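Structure record follows, encoded as structure tokens.
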Amino acid sequence: KAGVTQTPRYLIKTRGQQVTLSCSPISGHRSVSWYQQTPGQGLQFLFEYFSETQRNKGNFPGRFSGRQFSNSRSEMNVSTLELGDSALYLCASSLSLVSYNEQFFGPGTRLTVL
Amino acid sequence: AQKITQTQPGMFVQEKEAVTLDCTYDTSDPSYGLFWYKQPSSGEMIFLIYQGSYDQQNATEGRYSLNFQKARKSANLVISASQLGDSAMYFCATFGNEKLTFGTGTRLTIIP
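If you're matching them up, the sequences are chains C and A in order.
Residues in the first sequence are numbered from 499 upward in steps of one, following our numbering.
Residues in the second sequence are numbered from 3 upward in steps of one, following our numbering.
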């Protein structure tokens, strides 16, 4: 069974631009969560989607948004990029909302904002 | 709210020795899960082991075991017979409110 995939793996953008990151969960998994990892703030929860609905959102500005498609693939978008958005963005998939023992991550997208 | 505390920023361990990575947690959920992940320099978060709060026995996965002490809110990871490939960041996390809350991590370096 294929794991969680994320595209692109690396991205370089300039301030003010916008970016879209993609995550394909493990086949059969319906929940996708996004996390931001920075050296200063560590790993922080962005949002979680289940059956195309955002179920939970972390403490991030409205510039960060996401969506989930009917095939469970998810995208996150960051508009008006700032230098502080440079980070590793990780997505995790699980079978359902109550899959406590299943939280599998993709390889991440490393975003650099210049 | 959930909180994870990892008090060891870095550890150096001789190859083939056992190592214990500390993790304490705080959660108001009556039912919760505890995870350990390994993150090599490539960035991918690799799932290592899971412990449910109601599991009677400590979880084990190959060379990894979780020393779960519920009364002390402790979930330490034990790696037996460490290998050079174990050098990485290790994160403890708890699942609650439909999200994972991570600790700050421990950087483990295995010395040949």
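Cβ coordinates follow ideal geometry from the N, Cα and C atoms, glycine included.
Just so we're clear, the structure is a prediction, and the values are computed from it rather than from any experiment.
Among the residues of the segment 554-566 of chain C, those with a Cβ less than 9 Å away from any Cβ of chain A are Asn-554, Gly-556, in the order of the chain.
Annotation: Phe-70 (chain A) has no Cβ neighbours in chain C at a cutoff of 8 Å; minimum Cβ distance is about 14 Å. Closer than 7 Å to the CB of Met-91 (chain A) there is not a single CB belonging to chain C. For Asp-31 (chain A), no beta strand (DSSP E) encloses it, and the DSSP letter there is neither H nor E. Residues Ala-83 of the same chain have their beta carbon placed closer than 6 Å to that of Lys-18 (chain A), with the five preceding and five following residues left out of the count.
DSSP places Ala-95 (chain A) in the uninterrupted beta strand (DSSP E) bounded by 90-98.
What Met-47 (chain A) touches in chain C, judged by beta-carbon distance under 8 Å, is Leu-588, Ala-590, Phe-603, Gly-606, going in chain order. For the 7 Å CB-CB criterion, Arg-109 (chain A) and Gly-12 (chain A) form a contact. Put simply, the CB of Thr-9 (chain A) is far from chain C, with every gap to its CB atoms at 7 Å or more.
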